[in-house]
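Engineer: Next up is a structure, given as structure tokens.
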Amino acid sequence: MSYRRSHKKSRDHRKKHSAKVQSELISLIHDNQESSIELKKNALSKLLALNRKHRLKMPKEVNLLFCKQCKKLRNVTNTRVRIKHGQTIISCLTCNFVKRLGGGPKFHRSDSNV
Ligand SMILES: [Zn+2]
Numbered sequence: 019m020s021y022r023r024s025h026k027k028s029r030d031h032r033k034k035h036s037a038k039v040q041s042e043l044i045s046l047i048h049d050n051q052e053s054s055i056e057l058k059k060n061a062l063s064k065l066l067a068l069n070r071k072h073r074l075k076m077p078k079e080v081n082l083l084f085c086k087q088c089k090k091l092r093n094v095t096n097t098r099v100r101i102k103h104g105q106t107i108i109s110c111l112t113c114n115f116v117k118r119l120g121g122g123p124k125f126h127r128s129d130s131n132v
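If you count the sequence shown from 1, you need to add 18 to reach the working numbering.
Encoded structure:
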């Protein structure tokens with residue numbers, strides 16, 4: 019009985035703690051002034067490991083900051099962003115992974131037959 023209770027307590031504590039660490043790591047990645055590229059890279063890999071271990075959801079704004087396939091932070095040199103038919107297309111130049119955002123072609127919206 020006592021074992022069970024203490025187990026649940028530790029699980030609650032773990033959950034709270036992991037959420038706190040996650041927000042700290044995200045603020046590290048978002049920080050533009052002080053943190054170096056190396057630090058951000060480390061923070062990202064730690065964040066991914068943390069999310070895997072504790073089954074946390076990755077916030078949307080962080081999801082766009084790195085490539086899902088090669089786990090690299092996006093910057094000006096390794097990504098290409100194009101807007102085509104109302105869709106944002108983000109392609110990674112290192113691994114050629116393409117991420118599409120938005121609903122796609124909006125041809126059906128126009129009433130006129132052009
Ligand atoms: Zn990539």
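In this text, a Cβ means the ideal position worked out from N, Cα and C, and glycines have one as well.
#1: Is the stretch 82–99 in contact with the stretch 108–117, if contact means three or more CB pairs nearer than 8 angstroms?
#2: Any residue with its Cβ nearer than 7 angstroms to a heavy atom of ligand 1 should be included. What is that list in chain order?
#3: Which residue from L82, A37, G104 and I108 puts its Cα closest to that of H126?
#4: Could you please give the first and the last residue of the uninterrupted beta strand (DSSP E) stretch that includes S109?
#5: Roughly how many whole angstroms lie between the Cα atoms of R118 and H72?
#6: With DSSP as the reference, label V39 as helix, strand or coil.
#7: Excluding the 5 residues flanking S36 on each side, which residues of the same chain have their C-beta closer than 7 angstroms to its C-beta?
#8: Please list the terminal residues of the continuous beta strand (DSSP E) segment that includes V94.
Structural biologist: Reading it off the structure:
#1: yes
#2: C85, Q87, C88, K90, C110, T112, C113 and F115
#3: G104
#4: Q105 to C110
#5: 28 angstroms
#6: helix
#7: L68, H72 and L74
#8: Taken as a continuous stretch (DSSP letters only), V94 belongs to no beta strand (DSSP E), as it is neither H nor E.
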